[in-house]
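The UniProt record's numbering puts the first residue of the sequence shown at 1, with every later residue one more than the last.
Even glycine gets a Cβ: it sits at the ideal position worked out from N, Cα and C.
What follows is a short report on a single structure.
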Amino acid sequence: MKLRDASLERHSRRVAKIAIAIADKMVMSNKEQDYIYLAGLLHDVGKLGMKDSYLLKPGKLSLEEWLEIKKHPVISYNLLKAIPGMHYVSLIALYHHERYDGNGYPRGLMGNSIPKGARILAVADAFEAMTADRVYRPKLDCRAAVAELRRCSGSQFDPVIVSAFCRALSEINFLDPNVKL
């Protein structure tokens, strides 16, 4: 991923580290944490074949561009499921844009029908995306990003996962700008 897109590689590493911190607060097994970490690293692999003009567009995406970008979880899933031992990782990648209220994609799953790993990754992915500069908008500070996660708890995000994220945040001090993820 680094060869194709350094920002995507950096994003994936940060998502993986945030996700593992959440999983640790949820007292998940080491094996589950390993799967979640791998999914964090690989969840956006499906973006590698997409047009840079879509991924790096500084303005609003057209409907056609948005529909194309929304395919990346399915592409990631199809790539990962072909690798022995990656079934659960592929499901996390597939469902990381599902919303707790059922308004996500690609399947519109709701609540606990979304795999726990995908619900964790959704929070980690959103926090990382909000706190990183993007071509289409500047980053939010950590406090604003946490406030947004809390605001969307119960609708976009699983409230249990948001709570675990907040516990992880206070312990590992994500708010300290000197902390490198």
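Nearest-angstrom Cα separation, counted from Phe127 out to Leu55: Rounded to the nearest angstrom, the two C-alpha atoms are 19 Å apart.
Three-state secondary structure assigned by DSSP to Ser153: When DSSP states are grouped into helix, strand and coil, Ser153 belongs to the strand group.
Cβ neighbours of Ala132 in the same chain (closer than 6 Å, five flanking residues each side left out): So the list reads Lys139, once near-sequence residues are dropped.
The alpha helix (DSSP H) enclosing Pro73, as first and last residue numbers: Where Pro73 is concerned, the enclosing alpha helix (DSSP H) starts and stops at 72-81.
Met86 beta carbon less than 7 Å from that of Leu80: Yes, these two residues count as a Cβ contact at 7 Å.
contact_flag[the stretch 18-27, the stretch 160-170] where n(CB pairs < 8 Å) is 3 or more: These segments touch.
Closest Cα partner of Gly49 within the set Pro84, Val74, Val146: Out of Pro84, Val74, Val146, Val74 has the C-alpha closest to the C-alpha of Gly49.
Every unbroken alpha helix (DSSP H) inside the stretch 16-102 [4 residues or more]: List check, alpha helix (DSSP H) in window: 30-42, 52-55, 63-69, 72-81, 87-95.
Arg137 - partner residues in DSSP beta bridges: DSSP, once it has assigned bridges, lists Arg134 as partnering Arg137.
Beta-carbon proximity of Tyr35 to Val123, cut-off 7 Å: No, the Cβ-Cβ distance between Tyr35 and Val123 is not below 7 Å.
Pairwise C-alpha distance: Asn112 and Ser7: When rounded, the distance between both Cα atoms is 31 Å.
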